[in-house]
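In the working numbering, the protein residues as written are 11 to 287. Worksheet: one structure, shown below.
Listed below in structure tokens is the structure:
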């Protein structure tokens, strides 16, 4: 019956929650006791980022864009504990998703001037006041009452793991301005290290986006792939902006993306890629 199915689903969900809580508490105990082994895997950066975004993407609400940028000077691979680094990034993205009802969540990977690798998770969510920020990495406390349950250990464990590798996690936030988590790690390279290859070198593309801030993120992503973006415009100005400009592809993200894409395709005679949420 429907009631039995609901009871079964509730029991399964409760079991998963209890298992998750137990795993967090055990992880915390291992970290505190210094018994967390560190593996030395060769981590392919693009594959790591793609996997993390794919895993977290299934929980993103409508109206939220989950995106990633890997800057061009980041190496193809680094050395570290793949499973634990993935755990840290999933935790940070999961928190961003939880507190972002609409807007942009961005995972950026870069290489710092002092030869560290930086994983930065930013969101355009509600943000936090300073008093909440001060307790963010305190065990068994939640940054917000609306955190949705849990032991309050995810961020604490992530920070302890990263610090055990000689790195750190710091958070920046303000009410109404979103939150940024920066994970910095010593850059360890495999014996053979190559820079990331640009998948679309020198391909000219146009971005037509109704949201100016989101359009800027799209441009940055495309440029990290090696593209040039001579046109970044809003739908109402697209035909004029594209007049006389040579591009190989037009990317459109707009509430009326299908009609905008159709009109542009007929006018500019190049492929038009339409994003539909």
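Note that CB positions come from ideal geometry on N, CA and C, so glycine has one too.
- Residue 64 counts as exposed, since fewer than 16 other beta carbons sit within 10 angstroms of its beta carbon.
- With respect to residue 283, residue 257 sits apart: the two C-beta atoms are not nearer than 8 Å.
- Going by DSSP, residue 286 is part of no beta strand (DSSP E) at all; its letter is neither H nor E.
- If you draw a straight line from the Cα of residue 175 to the Cα of residue 185, it is about 31 Å long.
- By the criterion of at least three beta-carbon pairs nearer than 8 Å, the stretch 129 to 145 is in contact with the stretch 104 to 121.
- Taking residue 217 as reference, the option from 209, 233, 207, 202 with the minimal CA-CA separation is 233.
- Within the stretch 210 to 255, the runs of beta strand (DSSP E) at least 3 residues long that lie entirely inside it are, in chain order, 214 to 219, 238 to 243.
- At the C-beta level, residue 227 and residue 116 come within 8 Å of one another.
- Within the stretch 86 to 125, the complete beta strand (DSSP E) segments of 3 residues or longer fall at 87 to 90, 113 to 121, listed in chain order.
- Straight through space, the alpha carbons of residue 95 and residue 74 are spaced by roughly 24 Å.
- With fewer than 16 neighbouring CB atoms inside 10 Å of its own CB, residue 268 falls in the exposed class.
- The beta carbons of residue 147 and residue 163 sit no closer together than 8 Å.
- Following the DSSP letters along the chain, one finds residue 182 in no alpha helix (DSSP H) but inside the beta strand (DSSP E) bounded by residues 178 to 183.
- For residue 286, the number of other beta carbons within 10 angstroms of its own is below 16, and it is reported as exposed.
- If you check the CB distance, residue 229 and residue 213 do not come in under 8 Å.
- Rounded to the nearest angstrom, the Cβ distance from residue 189 to residue 178 is 16 Å, too far for a contact under 8 Å.
- Rounded to the nearest whole angstrom, the C-alpha separation of residue 167 and residue 248 is 47 Å.
- Where residue 81 is concerned, there is no enclosing alpha helix (DSSP H), because DSSP gives it neither an H nor an E.
- In chain order, 262, 282, 284 place their CB closer than 7 Å to the CB of residue 271, counting only its own chain and leaving out the 5 sequence neighbours on each side.
- Residue 131 carries a strand assignment under DSSP once its states are collapsed to helix, strand and coil.
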